[in-house]
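Working notes, structure below.
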Amino acid sequence: MITNDIALAVTALTAGNLCAIPTETVYGLAANALDESAVARVFAAKGRPADHPLIVHVASQDDAKEWIAELPNWAMDLATAVWPGPLAIVGVRTELASDSVTGGQDTVAVRVPSHPMAQELLQRLKDHGVKGLVAPSANRFGHVSPTSAAHVLADLGEYLSANEDLILDGGGSQVGLESTIVLATGPEPVILRPGAVTLDDIERITGVAVSTHTTNAPRVSGSLDAHYAPRAKVILISEASNFAFEAKAGFLAFFEVPTPFKLVRLGSPATDMDFAHELYGCLRLGDDLGLETIYVVPPVGSGLAQAINDRLRRAAF
Ligand code: TXA
Ligand code: MG
1 MITNDIALAV
11 TALTAGNLCA
21 IPTETVYGLA
31 ANALDESAVA
41 RVFAAKGRPA
51 DHPLIVHVAS
61 QDDAKEWIAE
71 LPNWAMDLAT
81 AVWPGPLAIV
91 GVRTELASDS
101 VTGGQDTVAV
111 RVPSHPMAQE
121 LLQRLKDHGV
131 KGLVAPSANR
141 FGHVSPTSAA
151 HVLADLGEYL
161 SANEDLILDG
171 GGSQVGLEST
181 IVLATGPEPV
191 ILRPGAVTLD
201 DIERITGVAV
211 STHTTNAPRV
221 SGSLDAHYAP
231 RAKVILISEA
241 SNFAFEAKAG
251 FLAFFEVPTP
261 FKLVRLGSPA
271 TDMDFAHELY
281 GCLRLGDDLG
291 LETIYVVPPV
301 GSGLAQAIND
311 RLRRAAF
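The working numbering applies: residue 1 is where the sequence shown begins, and numbers increase by one.
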């Protein structure tokens, strides 16, 4: 089921089958966005509620225009600067985006991934009439997102068809956190999900202040209080805390923080980028080792640290 042959992935997706694909953020479970029954199988394989919308992945900013009817100038600037890259833009949908993709909303999320295999796949699929791929993170609903082909197999292996569906192996995901999602239906950007493209990046590129009014924001499944969670209980602690650690517990912190007595070290990232890159693999390792609790000392600060803390808060909820 795992392959690195892009031609096989083209065949599977064109035939209406599912194919997990590597992207620079996390692995996605892809299907032809114009094939209703394939899209329905994505929801079934993930165990995802039908009203949670999907992101459409396309090869270029030009191709995004087929899915998003109009964008404010600031959003065009943002797309031009960041795509291909770890950013999804939510705009008013065209008639291509069906209710099953958007969860019945009049907006659609679109993203141009930069991973070279995803790029080549999307380019080749255009010759077969596939104008975009839905690709939610390739994990069971609510679980930790996958950053390797092995993670996808562990989560979804039993829910995919061994003969027809595929997992395209493109190595470890570079960023390790899901894309930044920006709502682009108004005069100011609204961040629906923080990611590697930071608030500062968005304001610098667009010259427009990011709005903090999220009251009318549409549904974002990744913004549920509990999400991105391993089986083990995640507990966030500060570096200085004098905690009564439970036995059989894991520990994740920057490399300079020593491992508390008896805890199992799951990772020792050196930078915020390392932390994001390793986070989901460390949480999965804790589960693989049968640990009941994982203690994490989160990074502090703005930028990528904010996105890491967003995911950790939900994992710990
Ligand atoms: O990095 C990523 O975005 C990964 C890779 C595979 O591309 N994909 C991903 O998909 O994280 P998923 O389905 O796990 O998360 C998509 C998020 C959900 O939280 C969903 O609610 C939100 O995008 N979303 C999709 N369409 C939307 C819309 N029209 N309005 C608001 N949020 C939307
Ligand atoms: Mg997800």
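Note that beta-carbon positions come from the ideal geometry of N, C-alpha and C, so glycine has one too. Remember, it's a predicted structure, so these values are computed and weren't measured experimentally.
Between which residues of its own chain and residue i is the CB-CB distance below 8 Å, once the five residues before and five after are set aside?
{"i": "Asp287", "result": "Pro230, Arg231 and Ala232"}
{"i": "Glu239", "result": "Ala253, Val257 and Val297"}
{"i": "Ala75", "result": "Ile89, Gly91, Val182, Ala184, Pro189 and Thr206"}
{"i": "Glu246", "result": "Glu292 and Thr293"}
Within a Cβ cutoff of 7 Å, which residues of the same chain sit near residue i, ignoring the five residues on either side of it in sequence?
{"i": "Asn216", "result": "Its pLDDT being 49, under 50, Asn216 is placed unreliably by the model, and nothing is read from it."}
{"i": "Pro86", "result": "Glu24, Thr25, Val175, Ser179, Thr180, Gly195, Ala196 and Val197"}
{"i": "Leu304", "result": "Ala196, Thr198, Asp272, Met273 and Ala276"}
Anyone know if the C-beta pair for residue i and residue j falls short of 9 Å?
{"i": "Leu199", "j": "Ser302", "result": "yes"}
{"i": "Gln348", "j": "Val112", "result": "Since the displayed the chain opens at 1 and closes at 317, residue 348 lies outside it and no answer follows."}
{"i": "Ala31", "j": "Glu164", "result": "no"}
{"i": "Arg93", "j": "Asp106", "result": "yes"}
Could you tell me the distance, in whole angstroms, from the CA atom of residue i to the CA atom of residue j?
{"i": "Val273", "j": "Gln174", "result": "Rather than Val, the amino acid found at residue 273 in this sequence is Met. Distance between the alpha carbons of Met273 and Gln174 is about 9 Å."}
{"i": "Thr14", "j": "Leu125", "result": "7 Å"}
{"i": "Leu328", "j": "Phe243", "result": "Nothing about residue 328 can be reported from this structure: the residues present for the chain run from 1 to 317 only."}
{"i": "Pro187", "j": "Leu263", "result": "49 Å"}
{"i": "Gly103", "j": "Leu183", "result": "16 Å"}
{"i": "Ala196", "j": "Leu177", "result": "7 Å"}
{"i": "His52", "j": "Lys248", "result": "36 Å"}
{"i": "Val110", "j": "Pro84", "result": "11 Å"}
{"i": "Glu278", "j": "Tyr27", "result": "14 Å"}
Starting from the Cα of residue i, find the closest Cα among the options and give me that residue.
{"i": "Gly250", "options": "Gly281, Ala226, Ile237 and Glu292", "result": "Glu292"}
{"i": "Gly142", "options": "Tyr280, Val182, Glu164 and Asp62", "result": "Tyr280"}
{"i": "Glu66", "options": "Val234, Leu34, Leu168 and Ile167", "result": "Leu34"}
{"i": "Arg48", "options": "His57, Ala59 and Leu29", "result": "Leu29"}
{"i": "Gln306", "options": "Leu285, Ala276 and Val82", "result": "Ala276"}
{"i": "Leu285", "options": "Pro189, Thr147 and Arg93", "result": "Thr147"}
{"i": "Val101", "options": "Asp5, Val234 and Glu36", "result": "Glu36"}
Closer than 9 Å, CB to CB, is residue i near chain C or not?
{"i": "Leu199", "result": "Given the protein chain composition of this structure (a single chain), no chain C is represented."}
Determine the extent of the alpha helix (DSSP H) in which residue i is found, giving its start and end residues.
{"i": "Ala196", "result": "Element bounds for Ala196: n/a, residue is neither H nor E."}
{"i": "Phe261", "result": "Here Phe261 belongs to no alpha helix (DSSP H), and DSSP marks it neither H nor E."}
Residue i lies in the beta strand (DSSP E); which residues open and close that run?
{"i": "Arg111", "result": "Thr107 to Arg111"}
{"i": "Asn32", "result": "Gly28 to Asn32"}
{"i": "Tyr295", "result": "Thr293 to Val296"}
Which same chain residues, not among the five before or five after residue i, have their C-beta less than 6 Å away from its C-beta?
{"i": "Ala270", "result": "Phe255"}
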